[in-house]
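Start counting the sequence shown at 20; every next residue gets the next number (this note's numbering).
Read through the structure below, which is laid out as structure tokens, and then see the notes.
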Amino acid sequence: MKTIKAEFKHIMSHKMLLISIVAIMFIPFLYSVFFLKSVWDPYGNTEYLPVAVVNEDKSVKFQGKTFDVGDQLVKQLKKNDSLEWHFVSKKTAEAGLKNKKYYMVITIPKDFSKNATTILDKNPKKMQLKYTTNDSLNYIGKVISETGVKQINSQVKETVSTAYADTIFDVIKELGTGITKAAKGSQQLSDGSKTLSDGINTYTAGVSQVNDGVIQLQTGVVPLGQGVLQLTDGASALAEGINTYTAGVDQVNDGVSQLQSGTGALASGVGQLATGSNTLSSGLTAYTNGVSQVNMGILQLQVGSGSLASGVSQLANGSTTLTSGIQSYTDGVSQLQSGLAQLQANSDALRSGASAVADGNTQMANAISKNADQIINQLNSSDTSEVLSQVQQLQKQAPQIKQMLEQLQTTTSSLPTLLKGFEDSANTFSSTLSDNLTKAGQSMTSAGENITTSSTKVNEVLAANSDTLSAEDQQKLKDALTANQAAGENIKSASQNLQTIASAAESFKSSLSSASTQLNSAVQSANQLNSSASTVTSLLDKLSNTDLSKVSDLSSLTSLLTELKTNANALATGAQTLKSGVDTYTNGVDQASSGANSLATNSSLLVSGSNQLTSGLGQLNAQVPTLTSGINQLATGSNQLVANSSALTSGAGQLASGLGQLNAQVPTLTGGISQLAAGTSQLAANSEALRSGASQLSSGLSQLNAQVPTLTSGIEQLAAGTMQLVSNSAKLTDGATQVQQGNAKLAKSLKQGATQVNDTTKNISSKTSNMLASPTTLKHSNYSKVPNYGYALAPYMLSVALFVGALTFSTIYPVKRLSDPDASATQWWFSKVSIGLLVALGSSLIEVLLMFAVGLQPQHLAATLVNAFFFAMTSVFLVMFLSIAFGNVGRFIALLFLVIQLGSSGGSFPIQVTRAMGGFFQAVNGYLPMTYSVYGFRESLTSGLGSQQIWISIGVQLIYIIASLAFMWLAMNIERSKVTYVDVDRTSESE
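Below, the structure written as structure tokens:
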């Protein structure tokens, strides 16, 4: 007792140890509550387990009904909350399974409904509901979802079986209806068989009479054979005659058909002839009128042909003169072009000279002005010495200036005469050339038009009288017309060339006029320049004659220098004007030269046109006699046509009258031929039938004649057969009676069967189909009820938690420490057992009561507490023994013992299915204290194992407790000598 007190005193003095022991008592509860609550009711929360459903099914038709099993299944699942259904596509489902979103994917294949309809096929196909699970995500989740799939599969089976049952019951109902109809039909058979029996009686009586008749027939068959032979011979002769007749009918029909086919063309041709004769009559009248007009025109053309010949001759002579004049013109153009080329070649020198004169005059004027100004200024300043020096210098320069002015005057004096002569020549040439070209072009244009007009008229006359002229004369006229037309075209072409040259001449004339104006301006400038030069020369003479020694001459020198300055400036201005005029003139010469070049360029065209004109007029003139001769022949022919016009008109009128009468009788002829054709067609159409009939008659009689022996034999056989019929009539009558009785019985039986089938199927409904599809239901009664998965695992986890608490206690609590140095092994044992007993009691009470508070409510609370207390003691004392006896090795052994109990106690799965490791778990199951602790908790929590189970569990655990305590006492006795006293203030122990 002293040792026990010391132990408790030690614990109380160490607060951390006390707290640790108290905390250890809560470990079993914490272990149990966290685990059990995590799996408290997983099957009650399956509506949160995500499962994907992919519906690829296609609806089909079966027995007139639409089968869409996939869609119906989806509708049912939408109403089912056993799992969290997600109706998605195949792609989304595969992605969700891969990304841990879904625990399972159910796929309804596209042939799901189709396979359901193959039940009546030779090889029916089962409906395959596919599902894919991700077991690694959570195996229990896979198990739960598989349960859902199995339920779905059962629903599908029931749905399809119901549909099959509906179809079968519909067939059975139809069968009942058919049996009813069969019963009615069998009744009719019964009535008919009775009638048959009556008829057979009548038949047998008739057979007797037939037999008598056949015997008479047998007697008369011999004369029949002889008559048939005579008929055969007559039929053959008839067939030959009919063949001859039908052949003649066919020939007549062919001829009439040909005649009829030609009547349409005949009528059409006669009509066309009548119409054409009328048209011909009208045309001939118009033709004769035209012939008269043509004759008058030819006479006029004949009269004018003499004037045409004379005019063509004149044109030929004129073209020769024109050619000569054009040659002279082109020579003049060449000369003009050559002169203008020389002028143009000298233009640069003229421009350069005018420019030099202008520049020289300007320099001279500037020099005179400068010197004059200086001299005048000095005269005004009375500086006579300087004045005299500058005047003397000016006098020395005067001869040079005068010489320059004289050359200028010579040049400007001859310039007006030269320019005037050039202007007059150019104006005269251009005016004469333009007028001549214009007149020649107009004459040639008029001549070409006259030739073209006359050629057109001759061509018209030639076309109108082509029948009256010989081919040679026509060819001559055509050749003359061709030459005439070619000459006209040549004249026109030459006229156009003359007009082109005339235009160029006008342009040249305009250029000459412009140059003339410019020349006049230059002449005026030259005259003014000449006048200014004369004045300056005169003033220079005065200056040279001035006597510088005389003062009076000096006084007049100022006015002389002023006048000289003025005229020098005027001379410079005139030189500039002359330069400008010369520039303008040379530009005009350039333009005139360009115009002359254009004229020279067109001269070849003019000469060519003139030559073509001369050639064409020569050809035309040569053909004029031929043309005149042809026109005379045309006149002669047209006179003959006019003379015969009246006879031609009269004949055309008679032709039209006769064709009109013929045309009027054509319908009568056509109608008669059509009737004849219809009659012969009918005869021909019936010929084949007639021939066929005759042939068939002949053939039939031949066959009949050939079969007469057979007929005779058959009649004999018939006689023998009728004798047999007569002898068997009694049997036939008896058989008919039996058939009647059998049909009556069949009708009665079918009626009864139909009644039974209809009575059986009258109560068939959808409930019947459901019954057939699902004939059984499960009725579950609980021998013992486990509310949820938490209750199911609670016995296992409560036991495991208590053993874990014992392990923890042995680790923290110093079981080998002595609180009393004088304590014996037994006293040491009692002190430790008392602490262990307290810990076991506290752990079991806290675990059971707190679990009761959080929802684990056992049916037998006291039994639960007792079972928990005994297993807690078993665990604590067993672990304490191992710890004392073997130290840490013992604690490890205790841990291994816990691990063995985890798999062998049957706490999670039935021990019967825990068959791994060669049956090890089943072998040790009955020897483990946790096995009985689990059984005890199961009975105390939910019952069902019998009240004796608690006592059995307590008994087995008590054996473990006693054995653990005994072995612990023995171990303490062995270890007592090794354990030393430890003061209560120390926190360590000696092992």
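By construction, the Cβ of each residue, glycine as well, lies at the ideal position given by its N, Cα and C atoms.
Residue 594 is positioned such that its CB atom lies closer than 8 Å to that of residue 377.
Residue 940 and residue 921 have their C-alpha atoms spaced approximately 10 Å apart. For residue 104, the enclosing beta strand (DSSP E) has its first and last residue at 103-106. Within its own chain, no residue has a Cβ closer than 6 Å to the Cβ of residue 732 once the five positions on either side in sequence are excluded. Taking one beta carbon from each stretch, the segment 738-747 and the segment 254-264 have fewer than 3 pairs nearer than 8 Å; the two do not touch.
For a cut-off of 8 Å, the C-beta gap from residue 816 to residue 57 is around 10 Å, too long to register as a contact. Contact annotation, residue 897 with residue 983: C-beta distance approximately 4 Å; criterion of less than 8 Å satisfied. Comparing alpha-carbon positions, the option among 673, 281 and 119 lying closest to residue 686 turns out to be 281. In the DSSP assignment, residue 150 is bridged to 125. The distance from the Cβ of residue 271 to that of residue 689 is about 19 Å, inconsistent with a contact at the 8 Å cut-off. A straight-line Cα-Cα distance of about 6 Å links residue 107 and residue 72. The criterion of a C-beta distance shorter than 8 Å is not satisfied by residue 883 and residue 986. Nearest Cα to residue 301 within the set 702, 674, 582 and 144: 674. For residue 111, same chain residues with a beta-carbon under 8 Å away, outside a window of 5 residues either side, are 71 in chain order.
Per the C-alpha coordinates, the member of 137, 154 and 152 positioned closest to residue 146 is 137. For the pair residue 943 and residue 923, the CB atoms are nearer than the 8 Å cut-off. Sequence-distant Cβ neighbours of residue 962 in its own chain, meaning closer than 6 Å and more than five residues away, are 803 and 878.
Using a Cβ distance threshold of 8 Å, residue 370 and residue 605 count as a contacting pair.
By a beta-carbon distance limit of 8 Å, residue 812 contacts residue 55. Their separation comes to about 6 Å. Shown here, residue 633 sits in a helix according to DSSP, grouped into three states. A buried status is given to residue 833, since no fewer than 16 other beta-carbon atoms sit within 10 Å of its beta-carbon. In this structure residue 927 does not touch residue 951 by the C-beta definition: roughly 16 Å separates them, more than the 8 Å allowed. Note that the segment 241-253 does not touch the segment 703-713; fewer than 3 beta-carbon pairs, one per stretch, sit closer than 8 Å. Listed in chain order, the non-local C-beta contacts of residue 713 below 6 Å within the same chain comprise 257, 258 and 261, local neighbours out to five positions each way being set aside. Excluding the 5 residues flanking it on each side, residue 97 has same chain C-beta neighbours closer than 8 Å at 104 and 106, in chain order. Separation of the CB atoms of residue 151 and residue 124 is rounded to 5 Å, and the pair is thereby assigned contact status at 8 Å.
The C-alpha of residue 766 lies about 16 Å from the C-alpha of residue 777. Counting C-beta atoms within 10 angstroms of its own C-beta, residue 598 has 16 or more neighbours from the protein chains shown and is therefore classed as buried.
Around the beta carbon of residue 584, 16 or more other beta carbons lie within 10 angstroms, which makes this residue buried. For residue 69, the secondary structure class from DSSP, reduced to helix, strand or coil, is strand. Looking from the CA of residue 588, the closest CA among 393, 383, 395 and 735 belongs to 383. Across the set 198, 133 and 844, the C-alpha of 844 shows the shortest separation from the C-alpha of residue 996. Residue pairing by DSSP places residue 85 opposite 80 in a beta bridge. The straight-line gap separating the alpha-carbon atoms of residue 763 and residue 223 is approximately 23 Å. Residue state for residue 74 is assigned as strand, using DSSP reduced to three classes.
The three-state secondary structure of residue 709, taken from DSSP, is helix.
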